[in-house]
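Below: the structure, in structure tokens.
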Amino acid sequence: ANGKLSEALGLVPQEALFNALYGEFLTSQGQHDRALALLENAIDLDPNLGLTYLALSKLNLAIGKEDEAKAALNSLPLLTAPNYVDRAMIYDSFGEHQLAIADLERAVQINPSRPQYYELKADIYTTLNNQNSAASELAIASTMALRIGDESDESRLSDRILYLKGKALWET
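Just so we're on the same page, this note's numbering is the position in the sequence shown counted from 1, plus 189.
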């Protein structure tokens, strides 16, 4: 796969999104120097592409540069709900739970019908030992999940997972 991606990059070297995605892939493969070059190129090509800053933050985390990872997170422009969620998960990994909750709140403001956003908040509240808030978020997540018209197996599995998490929370 790496060879095909390198070939494609040679064909489209000036595409910011491709550089960012390939940089993220190389990070996952442990090729940090090449990933950094691609991510820096992506920022040069499109400084408003939030995905690049998230990928740069993940790269910095992978190489143990927590301060640089936080700086990349704070540089994120024009955030979408998924960008807020991704940034929240990185903040959570730093133990910055309140910042993570704040970003998840922003994601909910943009798209309040996504049950996963409430479930992620519930997980963080559980980490903070705030069972009432966690239960409240799980209740909202369940309500949102039941409103989804998609009757796919994935949707039913998500509903079941929410139910089991809620049940486990109440039993603790």
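Every residue, glycine too, gets a C-beta built ideally from N, C-alpha and C.
Give me the residue from the options with the minimum Cα distance to residue i.
i	options	result
residue 203	229, 234, 223, 215	234
residue 310	302, 289, 298	289
residue 285	298, 262, 305, 266	262
residue 237	217, 302, 218, 269	269
residue 258	209, 280, 217, 214	280
residue 216	252, 307, 304, 207	252
residue 330	300, 316, 319	300
residue 209	231, 327, 318	231
residue 250	265, 332, 219, 294	219
residue 206	323, 229, 221	229
residue 283	324, 256, 264, 211	256
Would you decide whether residue i is buried or exposed? Buried here means 16 or more other CB atoms lie within 10 Å of its CB.
i	result
residue 296	buried
residue 342	Residue confidence for residue 342 is low, a pLDDT of 49 falling below 50, so the modelled location carries little weight; the figure read from the coordinates is stated next. It is exposed - the Cβ of residue 342 has fewer than 16 other Cβ atoms within 10 Å.
residue 308	buried
residue 213	buried
residue 292	buried
residue 335	exposed
residue 241	buried
residue 316	exposed
residue 321	exposed
residue 239	buried
residue 272	buried
residue 326	buried
residue 226	exposed
residue 179	Nothing can be reported for residue 179, as the shown portion of the chain is limited to 190 through 361.
residue 318	exposed
Inset, instruction - Report yes or no: do three or more beta-carbon pairs, one from the stretch 276-285 and one from the stretch 244-253, lie closer than 8 Å? - result: yes
Legend entry - 4 or more residues per run - each alpha helix (DSSP H) lying fully within the stretch 283-336: 286-299, 304-316, 320-336
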